[in-house]
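Numbering (the working numbering), first residue to last: 4 to 694.
Quick look at the structure:
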């Protein structure tokens, strides 16, 4: 019975696991078709408005939220017993939410003329919208964010009874609803504005790439290049999860998607289930730090900081790479100390042919970077043209496959990747010989990407709308200024204490929330306190982003750990603790770049930058050795403490600390090589065995 259960778990598809973890409905028949139709329609709406002109901000945001409100109540049940059906009350709630949102669209000009003097119907619709946003958010991402938003609503009423700096004069129900619903500082504020423009288009771009097969391609390429190395499957998981996490923008989705392939292979090679899950958690979480997409966080940061896109991704680059070097080093040392080798070379596809066969998958990403960095086109316009380019590339690949099959005379059942210059799609493996078959295959892929893109946006949009409630209360009550004063009062103006308080706020508020919501909330409440103390604005916002994202693998909640445990069949708590351990480098890097902004390429010369990168890379590997308690052999207690301390010193962009750190690492390197009976020099430098 137990074996059968394990087998069933292994056979679950990534999308099935995502639904299970997200409590999404398994609807069929009419409602499945209805949800697909709405999802495709909302994607077409955003795609069209991105290319041919956005609506007025209020109208764009209201239509965006109306569409996704329908999907939220149709796709997510009120209770578990409703997972296979859509009851009448959910239909009613979906209709009410849609009407409340579209009320803004159809009455936008009238509302503008009577600003500050709302009518009764305005308030009724506003009350419905606020309540249904809370419920839709609870269904799609969990109870945490609605509870926080509800606490802020209570705070808006009880201001006169709050102590000290938190006190305010209090507001009536009419004033609160009016502010949250009829202005651009509440539900329809900046968060949902970003969701209705940048975020939706980049999620759609990622969905188009995923449907075209980029995920499978990246896995094949990375495994062919790294799979034979020591601990190769785990190293491949790190790289693949990083690349996919950059696109997906969701730690959980990335963990399930890439983990469904990488975790079973890691287990097969001898990694314990919780170790395999922990590696996947750490790698999937860190993907949201990687430029150029950063899981769409870069584009939200543009709105909050006012900084250009190029400056944001340039600042994020070095810390993101260093965090992955640390995880990569931990994986390598884990394999070394447990004696795990890589996959046999004869079981792996050759690297260069595998890379070339699907190189067209990377072209849309290159095109996106070109538009953003070289041409300096807006993020929204770049996403629009990148989606078009991705669609054209996918169609061109299918045409090429079809003509190649006809030219070579390969029979339908004989089509294999080895017989094609590029990897075929799933449809082409069954044979595509006519334009009709190709057209059907292409349309299915395109429609599927538009459908999944919108469905992936449900939780993000609801979280942004709910975050808008919080921001609305903050602006209405003046809590932002009070929070800044409170943080500075508690820390007494000490930068380190302020950073620690901000870190805990980010981790606590980030528990159970999607990346966009946690970043928006914490940036609103705590970023001003950091900038008041002289922290560069980009350093402050990256600090907040790092710890908000790291909440996904921080016990006791660690949603990404539960996702990995579901795939690995491991204990979620152990998996989360190991993911947290493997990810510890990302906990110190934000403190380093706040104190030393040169790591963010701020006010630094090119030769200093090269030195910073080299010393930091050495430091991160030493950090990995300290965390793993293994360098060339098991470390002694003083060596372990020394490795961690010297790693931090060599990572800090300061020449004196770097010299001390590198010297200390070198001394421990020598003692470890001697203890392991290895040459003091690597063999390629002509080293001899220690006596």
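Just so you know, even glycine gets a beta-carbon here, dropped at the ideal spot from N, CA and C.
It should be emphasised that the depicted structure is a prediction, and the values quoted were computed from it without experimental measurement.
Taking the beta carbon of residue i as the centre, do at least 16 other beta carbons fall within 10 Å, making it buried, or is it exposed?
i, result
"residue 223", "buried"
"residue 123", "exposed"
"residue 484", "exposed"
"residue 626", "buried"
"residue 497", "exposed"
"residue 115", "exposed"
"residue 131", "buried"
"residue 555", "buried"
"residue 344", "exposed"
"residue 82", "exposed"
"residue 175", "exposed"
"residue 661", "buried"
"residue 680", "exposed"
"residue 113", "exposed"
"residue 608", "exposed"
"residue 387", "buried"
CA-CA distance, residue i and residue j?
i, j, result
"residue 46", "residue 589", "35 Å"
"residue 152", "residue 517", "14 Å"
"residue 613", "residue 315", "20 Å"
"residue 547", "residue 622", "23 Å"
"residue 461", "residue 652", "44 Å"
"residue 259", "residue 283", "9 Å"
"residue 678", "residue 648", "21 Å"
"residue 630", "residue 84", "45 Å"
"residue 218", "residue 290", "14 Å"
"residue 167", "residue 385", "47 Å"
"residue 583", "residue 305", "29 Å"
"residue 147", "residue 90", "25 Å"
"residue 673", "residue 592", "27 Å"
"residue 326", "residue 586", "8 Å"
"residue 449", "residue 183", "37 Å"
"residue 466", "residue 136", "9 Å"
"residue 323", "residue 381", "24 Å"
"residue 407", "residue 61", "50 Å"
"residue 121", "residue 541", "39 Å"
"residue 226", "residue 238", "9 Å"
"residue 49", "residue 88", "29 Å"
Near residue i, what residues of its chain come up, given a Cβ to Cβ distance below 6 Å and the 5 sequence neighbours on each side ignored?
i, result
"residue 414", "The predicted position of residue 414 is uncertain, since its pLDDT is 46 and thus under 50; a value taken from the coordinates is nonetheless stated next. Within the same chain, residue 414 has no close Cβ partners at all."
"residue 105", "69"
"residue 457", "42, 45 and 46"
"residue 397", "215"
"residue 565", "575"
"residue 523", "194 and 470"
"residue 294", "316, 319 and 320"
"residue 93", "76"
"residue 211", "390, 393 and 452"
"residue 416", "Below a pLDDT of 50, predicted positions are generally treated as unreliable, and residue 416, at 42, falls in that range; the measurement from the model is reported next regardless. Around residue 416: no qualifying Cβ."
With residue i and residue j assumed to form a contact (beta carbons below 8 Å), what rounded beta-carbon distance in angstroms separates them?
i, j, result
"residue 156", "residue 655", "The Cβ separation is near 43 Å, so there is no contact."
"residue 65", "residue 264", "Not quite, the Cβ-Cβ distance comes to about 40 Å (not below 8 Å), so this is no contact."
"residue 602", "residue 596", "4 Å"
"residue 376", "residue 313", "6 Å"
"residue 195", "residue 468", "5 Å"
"residue 553", "residue 510", "7 Å"
"residue 111", "residue 180", "In fact, because the Cβ distance is near 17 Å, the residues do not count as touching under 8 Å."
"residue 208", "residue 383", "At roughly 11 Å, the Cβ-Cβ gap does not stay under 8 Å, so residue 208 and residue 383 are not in contact."
"residue 508", "residue 71", "The pair is not a contact, with the Cβ atoms about 28 Å apart (cut-off 8 Å)."
"residue 189", "residue 472", "6 Å"
"residue 261", "residue 249", "12 Å between Cβ atoms; not a contact."
"residue 675", "residue 618", "Incorrect: roughly 19 Å between the Cβ atoms, too far for contact."
"residue 303", "residue 519", "6 Å"
Apart from the five residues on each side of it in sequence, which residues of its chain come closer than 8 Å, Cβ to Cβ, to residue i?
i, result
"residue 454", "39, 42, 43 and 46"
"residue 26", "79, 80, 83, 86 and 142"
"residue 488", "168"
So, for residue i: in the same chain, excluding its five sequence neighbours on each side, which residues have a beta-carbon less than 7 Å away from its beta-carbon?
i, result
"residue 86", "28, 29 and 80"
"residue 317", "604"
"residue 526", "307, 544 and 547"
"residue 645", "667 and 671"
"residue 348", "231"
For the ligand ADP, I want to know if residue i counts as a neighbour, meaning its beta carbon is within less than 7 Å of at least one of the ligand's heavy atoms.
i, result
"residue 294", "The ligand content of the structure shown is nil, which means the ligand ADP is not present either."
Give a yes or no on contact between the stretch 527 to 535 and the stretch 267 to 284, applying the rule of three or more CB pairs nearer than 8 Å.
no
I want to know whether the stretch 267 to 276 touches the stretch 228 to 243 - three or more CB-CB distances under 8 Å.
yes
Below 8 Å, can you find three or more Cβ-Cβ pairs linking the stretch 329 to 344 to the stretch 628 to 645?
yes
Evaluate the contact criterion for the stretch 572 to 590 versus the stretch 349 to 356: three or more CB pairs, one atom per stretch, below 8 Å.
no
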